[in-house]
Amino acid sequence: MENSSEKKKKTGMIQDDLEARNAAFLNLMSDIFEEAIELSILCRAELAIFLASPSGEIHCFANPSADAIIKRYTSTNVDTIVKNEGDSPSCSSMSHLQTLTDCDKDRQRDLEAQVEAEKIFSHLLFQYMMDKSLEIYK
Numbered sequence: 001m002e003n004s005s006e007k008k009k010k011t012g013m014i015q016d017d018l019e020a021r022n023a024a025f026l027n028l029m030s031d032i033f034e035e036a037i038e039l040s041i042l043c044r045a046e047l048a049i050f051l052a053s054p055s056g057e058i059h060c061f062a063n064p065s066a067d068a069i070i071k072r073y074t075s076t077n078v079d080t081i082v083k084n085e086g087d088s089p090s091c092s093s094m095s096h097l098q099t100l101t102d103c104d105k106d107r108q109r110d111l112e113a114q115v116e117a118e119k120i121f122s123h124l125l126f127q128y129m130m131d132k133s134l135e136i137y138k
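Residues 1 to 138 in UniProt numbering are what the sequence shown spells out, letter by letter.
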């Protein structure tokens, strides 16, 4: 049986077919959002995930809300980020510091506008997944 790293090595970008890339994106996005919902429910984690599709659409899942997560992220004290992350290889402190330093106000306004547009989508998706999760445990 293949492990995930072997599977990733065999996976390549779908070169010529935008429709196929979008279909694959939506399928994988659904998987990512399902995992995020599980993490959010089981661990009471607050999280926001933003994904840009190959066609340029922005998709978001957030709990409790993307707006709250973005505000919390942008207002977090740099020392707190360093202390909480340590030397995590998946998301280094320097990366966070650089992101906070380079965050420009225009991009933040764009993200906030996109968050507003995605709030309904994320709420409906979350409600659907909660209903689906409840069905599993019946």
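By construction, the Cβ of each residue, glycine as well, lies at the ideal position given by its N, Cα and C atoms. Here the structure is a predicted model, which is why all the values come from computation and not from measurement.
Problem set entry | Glu112 versus Ala24, Ile41, Ser65, residue with shortest Cα-Cα distance | Looking from the CA of Glu112, the closest CA among Ala24, Ile41, Ser65 belongs to Ser65.
Problem set entry | Beta-carbon gap between Cys60 and Ile70 smaller than 8 Å | Contact: no.
Exercise. Touching or not, the segment 30-48 and the segment 123-138, by the rule of three or more beta carbon pairs under 8 Å?
Worked result: In this structure the segment 30-48 lies against the segment 123-138, because at least three pairs of beta carbons, one per stretch, are closer than 8 Å.
Problem set entry | For Ile14, the three-state DSSP class (helix, strand or coil) | Residue state for Ile14 is assigned as coil, using DSSP reduced to three classes.
Problem set entry | Limits of the unbroken alpha helix (DSSP H) element including residue 178 | No statement about residue 178 is possible, as the shown extent of the chain runs from 1 to 138 and does not include it.
For this session: Starting from Ala62, follow its DSSP beta bridges and name the residues at the other end.
Result: In the DSSP output, where bridge partners are listed per residue, Ala62 has Ala48.
For this session: State the DSSP-derived secondary structure class of Ser122, mapped to helix, strand or coil.
Result: Three-state result, Ser122: helix.
Exercise. How would you call Asn63, buried or exposed, if buried means at least 16 neighbouring beta carbons within 10 angstroms?
Worked result: Asn63 comes out buried.
Exercise. Going by the beta-carbon positions, is the gap between Arg51 and Met29 smaller than 8 Å?
Worked result: Arg is not the amino acid found at residue 51; the sequence shown has Leu there. Taking 8 Å as the Cβ cut-off, Leu51 and Met29 qualify as a contacting pair.
Problem set entry | Leu124, buried or exposed, once every other Cβ within 10 Å from all chains shown has been counted against 16 | Counting the other Cβ atoms within 10 Å of the Cβ of Leu124 gives fewer than 16, which makes it exposed.
Exercise. So, using beta-carbon positions, are Glu116 and Ile58 closer together than 8 Å?
Worked result: Taking 8 Å as the Cβ cut-off, Glu116 and Ile58 do not qualify as a contacting pair.
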